[in-house]
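First residue of the sequence shown? That's 0 in numbering that gives the first Met the number 0, and the numbers climb one at a time after it.
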Amino acid sequence: MNNIEKLLEAIKEQAEKFLLENGEFAPYGVYVRTNGKLANISAYSESTDSKEMYDILLAGAYDDLQDEDVRVYGIAQDGRYQGMDVLVIDFILSPEDKFQQIYPYTVEGTQVKFGDLI
0 MNNIEKLLEA
10 IKEQAEKFLL
20 ENGEFAPYGV
30 YVRTNGKLAN
40 ISAYSESTDS
50 KEMYDILLAG
60 AYDDLQDEDV
70 RVYGIAQDGR
80 YQGMDVLVID
90 FILSPEDKFQ
100 QIYPYTVEGT
110 QVKFGDLI
């Protein structure tokens, strides 16, 4: 499993936990170190909106990626796209090298089902 796959799996697992506990989630980050270990990052505050939290996480990602020990950073957001609930993930390798993936999801009882990449 490469770093992106490892990061994607960790982000989906955390999103599932948040969705089952709260029905939604604030933006959060996860990054992979050179040794393959994951680190979870949050920027939660009752008074901070999602855009501000995303901006805080993004600035932190750029700072963390200056450390040669950090390989890839992901920021997850809960969103809506064409009437569907979606998990939006920004994968960041550097300020110049980032890409986004969007996965629809449904909450069914005690399980979250993620659809295929949109």
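Beta carbons: idealized from backbone N, C-alpha and C, even for Gly. Please read these numbers as outputs of a predicted model, since none were measured by experiment.
What's the gap between the Cα of residue i and the Cα of residue j?
i: residue 116; j: residue 14; result: 15 Å
i: residue 88; j: residue 34; result: 22 Å
i: residue 66; j: residue 55; result: 18 Å
i: residue 23; j: residue 95; result: 30 Å
i: residue 4; j: residue 70; result: 13 Å
i: residue 99; j: residue 108; result: 28 Å
i: residue 64; j: residue 29; result: 12 Å
i: residue 49; j: residue 0; result: 31 Å
Is DSSP giving residue i helix, strand or coil here?
i: residue 98; result: strand
i: residue 86; result: strand
i: residue 8; result: helix
i: residue 116; result: coil
i: residue 107; result: strand
Mind checking residue i: buried by the 16 CB within 10 Å criterion, or exposed?
i: residue 106; result: exposed
i: residue 102; result: buried
i: residue 76; result: buried
Ignoring anything shorter than 4 residues or poking outside the segment 26 to 75, list the alpha helix (DSSP H) runs there in chain order. With a minimum length of 4 residues, the continuous alpha helix (DSSP H) runs that stay inside the segment 26 to 75 are 49 to 63.
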